[in-house]
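Visitor: Sharing a structure here in C-alpha cells format.
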Amino acid sequence: MDPADIAQQFAACCSHIREADDKMYNFAMLLETFLENTDCMQSPSPAPITHSDTSMVKSTVPVQMLPSVTFSGEAAACRGFLNQIDVCFELNPHMCTTDRAKVCFIFNHLRDKALDWATALWESKNRIINNYEEFVTTLKGVFNPSRKTNSAIKRLMRLSQGDRTVLEYAIDFQTLAAEVNWDNETLASCFLEGLSDSLTLAITARDLPGNLNDLIPFCMEMEDQIRDMCKTKAQPNRLIPCGSPEFNPAASDNPVPQPMQSGEIKPSEERGLVSEVMTLSPSVYKRCCYFTIMIEVGSSIIQVDALLDSGAEENFMDTTFALEKGIPCVENPPPIAIHAIDGRPLSNPYISKETSPISMSVGVLHKETVVCQLLSSPSCPVVLGYPWLQKHNPVIDWRRNTVLSWSKSCFDSCMIPVKSVHTINVPTAAPLSVLVPIQYEEVREVFNKGGAETLPEHRPYDCAINLLPVTFPPKGRVYPLSQHENLILEEYIKDSLAKGFIRKSTSPAGAGFFFVSKKEDDLRPCIDYRGLNKITVKNAYPIPLIAELFDRLKGSQIFSKLDLRSAYNLVRIKDGDECKTAFNTRSGHYEYLVMPFGLCNAPAVFQDFINDVLRDFIHDCVIVYLDDILIYSPDLATHHLQVKKVLQTLLNNGLYCKLEKCLFDQPKLAFLGYVISEEGFSMDPAKLTAVTDWQCPIGLKAIQRFIGFANYNRRFILNFSTILAPITNMTKKGANTRIWSPEAVKAF
Numbered sequence: 013m014d015p016a017d018i019a020q021q022f023a024a025c026c027s028h029i030r031e032a033d034d035k036m037y038n039f040a041m042l043l044e045t046f047l048e049n050t051d052c053m054q055s056p057s058p059a060p061i062t063h064s065d066t067s068m069v070k071s072t073v074p075v076q077m078l079p080s081v082t083f084s085g086e087a088a089a090c091r092g093f094l095n096q097i098d099v100c101f102e103l104n105p106h107m108c109t110t111d112r113a114k115v116c117f118i119f120n121h122l123r124d125k126a127l128d129w130a131t132a133l134w135e136s137k138n139r140i141i142n143n144y145e146e147f148v149t150t151l152k153g154v155f156n157p158s159r160k161t162n163s164a165i166k167r168l169m170r171l172s173q174g175d176r177t178v179l180e181y182a183i184d185f186q187t188l189a190a191e192v193n194w195d196n197e198t199l200a201s202c203f204l205e206g207l208s209d210s211l212t213l214a215i216t217a218r219d220l221p222g223n224l225n226d227l228i229p230f231c232m233e234m235e236d237q238i239r240d241m242c243k244t245k246a247q248p249n250r251l252i253p254c255g256s257p258e259f260n261p262a263a264s265d266n267p268v269p270q271p272m273q274s275g276e277i278k279p280s281e282e283r284g285l286v287s288e289v290m291t292l293s294p295s296v297y298k299r300c301c302y303f304t305i306m307i308e309v310g311s312s313i314i315q316v317d318a319l320l321d322s323g324a325e326e327n328f329m330d331t332t333f334a335l336e337k338g339i340p341c342v343e344n345p346p347p348i349a350i351h352a353i354d355g356r357p358l359s360n361p362y363i364s365k366e367t368s369p370i371s372m373s374v375g376v377l378h379k380e381t382v383v384c385q386l387l388s389s390p391s392c393p394v395v396l397g398y399p400w401l402q403k404h405n406p407v408i409d410w411r412r413n414t415v416l417s418w419s420k421s422c423f424d425s426c427m428i429p430v431k432s433v434h435t436i437n438v439p440t441a442a443p444l445s446v447l448v449p450i451q452y453e454e455v456r457e458v459f460n461k462g463g464a465e466t467l468p469e470h471r472p473y474d475c476a477i478n479l480l481p482v483t484f485p486p487k488g489r490v491y492p493l494s495q496h497e498n499l500i501l502e503e504y505i506k507d508s509l510a511k512g513f514i515r516k517s518t519s520p521a522g523a524g525f526f527f528v529s530k531k532e533d534d535l536r537p538c539i540d541y542r543g544l545n546k547i548t549v550k551n552a553y554p555i556p557l558i559a560e561l562f563d564r565l566k567g568s569q570i571f572s573k574l575d576l577r578s579a580y581n582l583v584r585i586k587d588g589d590e591c592k593t594a595f596n597t598r599s600g601h602y603e604y605l606v607m608p609f610g611l612c613n614a615p616a617v618f619q620d621f622i623n624d625v626l627r628d629f630i631h632d633c634v635i636v637y638l639d640d641i642l643i644y645s646p647d648l649a650t651h652h653l654q655v656k657k658v659l660q661t662l663l664n665n666g667l668y669c670k671l672e673k674c675l676f677d678q679p680k681l682a683f684l685g686y687v688i689s690e691e692g693f694s695m696d697p698a699k700l701t702a703v704t705d706w707q708c709p710i711g712l713k714a715i716q717r718f719i720g721f722a723n724y725n726r727r728f729i730l731n732f733s734t735i736l737a738p739i740t741n742m743t744k745k746g747a748n749t750r751i752w753s754p755e756a757v758k759a760f
C-alpha cells in the first residue's frame, strides 16, 4: 500500500477516535447531571419500625426543602431565591456535592429572562457553569444589580430615630443594614448619626462600644436612664420678669444684671430649654439659647451648657469654672476693657486673663480649638459670642435650640471624619408614568435608566484606538484627590465594575484619574489621556457646525429636545484596544470596555454613530449635535408622530434618554446656547449675562478665553470684529496683555 494512503487512513482513524472521546465526555457529563438531579428529587426510604419500640419512631430521612418557587429574573426576588437555594444545600449536604451539580440545580429552577440568560451560558460552555460561586456572583450582577444596594445605602443614610424609641429605630436600621456590605464599625457610626439629638448629647462624652451589636443595647439602656431622670426631675424655678408687679429690685440680693452675668438664675438642666431671664431694661425680655458642649482637658471631657450671645464681642468663660475644672489660663498682656450693652463699665471692668487654646466639641462631629476670655459669670460658665457665630455661621432652629447645619468652611476644617460610605447624590425622580407625556407613553421604555447601565454589544461603530508607528501608550501619574473625591472614586469603581463598564487591567499603560465639576454640582470622572491622544491617529469624521444646523428650522413651530443618558458609555471600545484605555487610581489599575471621556476621537466616533442611527430623520425633522437632539415640526400633530418615531429608533438601537433633561412640545426652548422659536433663533440670556458679567481678563490665556466665548454670539452683533479689534490686538505677539488701553477697556 502506498505510504501516503496509510498516512491518510491513520489521520482519519485519529479523527474518529477524537470524536468518540468527545461524545463519551459529553455523555458522562449528562449522566452525572442526571444522577445528581435524580438524587435531589428522591428521598431515601424510611427506616423500618421495630416492634421492640413502638412509642417512638426514629426516621433516617434527611431533611428535604426543595424550593417551590422559581426565579424569572425579577431583581426584587433574586436575593430571596438565592438564600432559599443556600438553605436547601445547607440542610441537604448529601445532594449536589459538586459545583457543576449546584449550578445545574439552580438552572432547573430558572424561568423566562433568567432561563434565557443561563441557556446562553450553557450552550456557549462558559467556564462559570463549572464554578458555583462565580455563577452566583454573575447572576447577582445581572439580576440583582448594585443600584438596589445603592438605594438601601441612601435610605440607611437618611434614616433617623425621630420620635421613636431606640428599639423601633434599631429594627428599621438593621433591616436596611442587611442589604449593604458595610463593616460593623461603619454601621455603628451611621447608627449614631441617626439617633435623636437628646440621646446623642447624652452619650457623646461616654466610652461608646465600637460595633453595632453592642451599641444598640447600650443606647437602649441610656434611653431608659434618661426617661427615668425626666420622670423624677423637679419643676424649674419660677422666674419673675422685670416690670411685673411682683418684681421688687430692692428686695433682691442680685446685683444689676449684666450681659455676662444674668443674676443668680441657674442654667437649664435640660438641653435646649428656653427660659425668660431679667435684662437691663425693666420692659425687655431676653430669650437665651443654651447648647451642650464638650471641653477636653487632658484626658478628661467636661460637659457644660454654653450660652449663645450675638451681643458678646468675644467668647467668655467663668473664672471659677476654669479654676475648678483645671483649664489652663494665661495672662493678657494688655488688659481688655469690657462694658455693658449701654456703655457702662461692669463691676470688674477689665479682663486680664484668657484660657489657653482648648479643644471644644458641639455635637458628635463638630470639633474646634477656641480661646475664651475669663470673667466672673457663675450662671453662664461659657458664652459663645458674635465672633464664634460669624465664623461658623450655623443654621439654628430657635424653637428647638438645635443646629440644623454648619457653614461650608466647617465641613473643611471642623467636622470630624467618620468611616462611612458615601454615594453620588442623585435627585429622587417621580415615576416615569407621571413624567412621560401621555402621547409618548407607548415608548416610555426609552427613558429607563437601567437600560443605559448595561454593557452594550460590539457594533461596527466601536471606538478604535490606532496608534502612530513605533509608539506605545504612556504611563501617567496618580492624581491626589480629596477625601470626598476618594469616597466618590471608590463608589464609581464599584459601580462601573458591577455594570461591566470597566475591568481590572494588567496593561503597561496607565493614565491619571481625576474629577471635574458638572453644572448639576456633581462630579464627572475624567481620565488624563493627553499622552495617549498625542500618539493616536485622529478620526477625521466632521462635527457639525452649530450655526449651519439652525438654517433648517425655517417654518418650524413646535420643538422637542432630547438628551441621551451616559452617551459615550453606549459605545464599546474596539476589541483588543481596551488595554490602551488603562487608568491608575489609588485603589487599583483598570481599563475601560466602553468609551470614556477624554479620548480625542470620542466625539467623532459618537457623532458618526448617532448620525447613522438617525439618518432617516436628519435634514427632515432632527438636528443632532453629539448627545443633544432637537426635533422640529410645523404643527403639533406632525410633531407627535415624529417624536415617537425618533424615540422608537433610539430604543431599537439601545440608546436611552435622560427624562429629567428632555423637553417636549415647546414653542420655544434653549438649545446649544441659543433660544429656538418659530421666529428663528436668538442669544440665550444666560450666555449673554455670562459675557456682561465677565471679570476683566488678565493674561494671554484669559483674554483668549473671553474672545472665544464672546465670539459664540458674533452673528447677533453688528461690526463685531471692529468692536473687538482692540482686545484682539492684545493677543498678538509682543503685545502687553496686562495693561489695557482706553480703547480696549471701552470695547470690553
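Just so we're aligned, residue 13 is where the sequence shown starts under the working numbering, counting upward by one. C-beta atoms are modelled at their ideal positions from N, C-alpha and C, and glycine is treated no differently.
1) Within this structure, are the beta carbons of residue 648 and residue 547 separated by less than 9 Å?
2) How many angstroms separate the CA atom of residue 406 from the CA atom of residue 331?
3) How many Å lie between residue 140 and residue 110 at the Cα?
4) Identify, in the order they occur along the chain, each residue of the same chain with its Cβ nearer than 7 Å to the Cβ of residue 690, setting aside the five sequence neighbours on each side.
5) Consult DSSP for residue 384 and reduce its assignment to one of helix, strand or coil.
6) So within the stretch 98-155, which uninterrupted beta strand (DSSP E) runs reach at least 3 residues, ignoring any that extend past its ends?
7) In three-state terms, what does DSSP make of residue 640?
8) Check residue 345 in the structure and name its three-state DSSP category.
9) Roughly how many angstroms separate the alpha carbons of residue 607 and residue 681, rounded to a whole number?
10) Taking 7 Å as the limit between beta carbons, can you name the residues of its chain near residue 346, skipping five residues before and five after?
11) Among residues of its own chain, excluding the 5 on either side of residue 234, which ones have a beta-carbon nearer than 6 Å to its beta-carbon?
12) To the nearest angstrom, how far is it from the Cα of residue 204 to the Cα of residue 227?
13) Nearest CA to the CA of residue 239: which residue from 591, 177 and 113?
14) Can you tell me where the alpha helix (DSSP H) holding residue 545 begins and where it ends?
15) Does the Cβ-Cβ distance between residue 544 and residue 586 come in under 9 Å?
16) How long is the line joining the alpha carbons of residue 619 and residue 583, rounded to whole angstroms?
17) To which residues of the same chain is residue 504 closer than 7 Å at the C-beta, ignoring the five residues directly before and after it?
18) Can you tell me the Cα-Cα spacing of residue 628 and residue 196, whole angstroms?
19) With a 10 Å radius around its C-beta and 16 neighbouring C-beta atoms as the bar for buried, classify residue 522 as buried or exposed.
20) The beta strand (DSSP E) spanning residue 336 covers which residue range?
21) According to the neighbour-count rule (16 or more other Cβ atoms, all chains shown, within 10 Å of its Cβ), is residue 481 buried or exposed?
22) Assess, as a yes-or-no matter, whether the stretch 646-664 is touched by the stretch 594-605 under the definition of 3 or more beta carbon pairs within less than 8 Å.
23) Is the separation between the beta-carbon of residue 617 and that of residue 553 shorter than 9 Å?
24) Give every residue of the same chain whose Cβ lies closer than 6 Å to the Cβ of residue 474, excluding the five residues on either side of it in the sequence, and list them in chain order.
25) Measure the CB-CB distance between residue 535 and residue 497 and report whether it falls below 9 Å.
26) Straight-line CA distance for residue 384 to residue 174?
27) Looking at residue 397 and residue 327, is the spacing between their C-beta atoms short of 9 Å?
28) In the stretch 571-658, which residue ranges form an unbroken beta strand (DSSP E) of at least 3 residues, counting only runs that do not cross its ends?
29) Please classify residue 555 as buried or exposed, where buried requires at least 16 other C-beta atoms within 10 Å of its C-beta.
30) Quick one: using the 10 Å Cβ neighbour count with 16 as the cut-off for buried, is residue 185 buried or exposed?
31) Just reading off the alpha helix (DSSP H) that residue 513 is part of, what are its end residues?
32) Nearest CA to the CA of residue 211: which residue from 710, 581, 348 and 237?
33) Using the three-state DSSP reduction, which class does residue 671 fall into: helix, strand or coil?
34) In angstroms, rounded to a whole number, what distance separates the CA positions of residue 720 and residue 740?
35) In chain order, what residues of the same chain lie with their CB nearer than 6 Å to the CB of residue 422, ignoring the 5 residues before and after it?
36) Kindly identify the DSSP beta-bridge partner or partners of residue 678.
Guide: Concretely, from the data shown:
1) no
2) 27 Å
3) 13 Å
4) 568, 569 and 679
5) coil
6) none
7) strand
8) strand
9) 30 Å
10) none
11) 214 and 215
12) 9 Å
13) 177
14) 542-546
15) no
16) 11 Å
17) 537
18) 57 Å
19) buried
20) Here residue 336 belongs to no beta strand (DSSP E); instead the alpha helix (DSSP H) covers 331-337.
21) exposed
22) no
23) yes
24) 584 and 586
25) yes
26) 35 Å
27) yes
28) 595-597, 600-604, 634-637 and 640-645
29) exposed
30) buried
31) Neither: residue 513 is in no alpha helix (DSSP H) and is coded neither H nor E.
32) 237
33) helix
34) 11 Å
35) 404
36) 571
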